[in-house]
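> Please read through the structure below; I'll follow up with questions.
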Amino acid sequence: MKKTTTFYFLLLLLPYLGIAQVQFVNQAGQQGIVQSYGDAFTGGGVSFCDFTGDGLDDLTLATDAGAQIAFYENTGNGFDQLNALVDVDNQTKQVLWVDFDNDGDKDLFVANFDGPNQLFRNQGNLQFQDITQSAGLPVDSFTTFGACFGDFDRDGWLDLYVSKRFGLGTAENQHFLYKNNSDGTFTNVTVNSNAADAGKIPFCSSFFDMNNDKWPDLYTANDKLSVNTLLRNNGDGSFSDIGEAAGADLPMNAMCVAVGDYNNDGWLDLYVANWGQNVLFRNDAGQGFTDVTNQANVGGQGENSQTASWGDYDSDGWLDLFVANWACYPRCGRPSQGDTDRLYHNNGDGTFTDVTSLLGGETYGAGFVASFTDFDNDGDLDIYLLNDEFLFPTGNKLWRNDGPGC
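Spelled out as structure tokens, the structure:
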């Protein structure tokens, strides 16, 4: 009986041994990354992309109005801030590196809130040309909150989907779809494609193939309790709103949607970060989505999630989850509100374990956006978190993964 009891205890312990091997250490200061976003409400994005072409992930930071976008070159021994590669000093919401013209290098799309969006063509040697107007994109349209690229018509050229909000309860709020014409220009096909999702409070969106038919569908995350939308790609240049039928149209204050196959069943699932309880939607083989948040233990304990990101930090073949939360209030002299940032380990059985303690140190901040990245090319995933500069002037985090995977 004694042997049986001991063996049973070991079986219970084994799933946690791999978790304990991993530890994260904040290296933002040591790596030379000191710039934060600013204090604009809802913040902005980051991008890890090798824009110098040396095999190391470089860092691009969106910035608040009055500051140039920050470009950091990864030297292998730290990050060196470069002179601004493009002239943008708006309140930037997203910085997207993308090869829109299929010439083999990375171009840059900048989503701005207080000015027009901008598209910069890579001319080589870190030289970029603003081609927004010649590309047929609007230069007199403001208030973009998010954007994403995807080849919705499967012609081999990446198209652009933009989320714009002009105000609360405004009929002009909508998304815009721009078809890539393969000649350096774009055409607005929003109306004919039925992709506007108008009259809500757009925040961001993502292309993903929800039913494995190889046609990119769209999920839009909408704010202020306007329901999120699932747009199915009909394969003929148009979309159909199937959010209600698919069970994915919850009214939320959605800030971000993260796409990933968390249960390894071959179907892409959705995690929506929310000011309110976050939601994990399990993809039911392309037939719809089921809210499995409580069963999976990833709803969070607070009310102010800003973003989420999937990544297999322990290399066990299962996607783990990082959630950045806005939890600054006691430090701001305001009543306590919100939650700390959260790291969830995927147990491989449809559930997650909160392993935030692996981050070591403080996870209580004003996080705008986070990203998994292997900045040191050691084969495991690190985590970057962008904080509010006004509340946490040196509070950005670059958590280096110092442990072997399972």
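Counted the way my numbering counts, the sequence shown spans residues 5 to 410.
For glycine and all other residues, C-beta sits at the position ideal for the given N, C-alpha and C.
Quick caveat: nothing in here was measured; it's all calculated off a predicted structure.
1. Using the Cβ count rule (16 or more neighbours within 10 Å means buried), how would you classify Lys401?
2. If the criterion is Cβ atoms closer than 8 Å, does the pair Asp253 and Thr224 meet it?
3. Check for me: the alpha helix (DSSP H) holding Val195 runs from which residue to which?
4. Output the boundary residues of the alpha helix (DSSP H) element that contains Thr297.
5. What residue does the beta strand (DSSP E) around Gln127 start on, and which one ends it?
6. Taking the CB atoms as reference points, tell me whether Asn282 and Gly304 lie closer together than 8 Å.
7. Based on DSSP bridge pairs, tell me the residues matched to Arg236.
8. Within its chain, find whatever has a CB closer than 7 Å to the CB of Gln35; leave out the 5 residues flanking it on each side and keep chain order.
9. Tell me, please, whether the segment 183-196 touches the segment 208-224 by the rule of three or more beta-carbon pairs shorter than 8 Å.
10. Given a threshold of 16 other Cβ atoms within 10 Å of its Cβ, counted over all protein chains shown, does Gln3 qualify as buried or as exposed?
11. Restricting to Cα atoms, I'd like to know which of Pro220, Ala199, Arg158 is closest to Lys168.
12. Taking the beta strand (DSSP E) that Ala115 belongs to, which residues open and close that run?
13. How about Asp345 and Thr367: do their beta carbons lie closer than 8 Å?
14. Entirely within the segment 89-113 and at least 3 residues each: give me those beta strand (DSSP E) ranges in chain order.
15. Excluding the 5 residues flanking Asp316 on each side, which residues of the same chain have their C-beta closer than 7 Å to its C-beta?
16. Touching or not, the segment 157-167 and the segment 176-184, by the rule of three or more beta carbon pairs under 8 Å?
17. Pick out whichever of Pro255, Asn232, Met256, Ala69 has its Cα sitting closest to the Cα of Asp245.
Working from what's here:
1. buried
2. no
3. 194-197
4. 297-300
5. 122-128
6. yes
7. Ser244
8. Gly82, Phe83, Leu402
9. no
10. Nothing can be reported for residue 3, as the shown portion of the chain is limited to 5 through 410.
11. Ala199
12. 111-116
13. yes
14. 96-102
15. Trp322, Leu323, Asp324, Leu385
16. yes
17. Asn232
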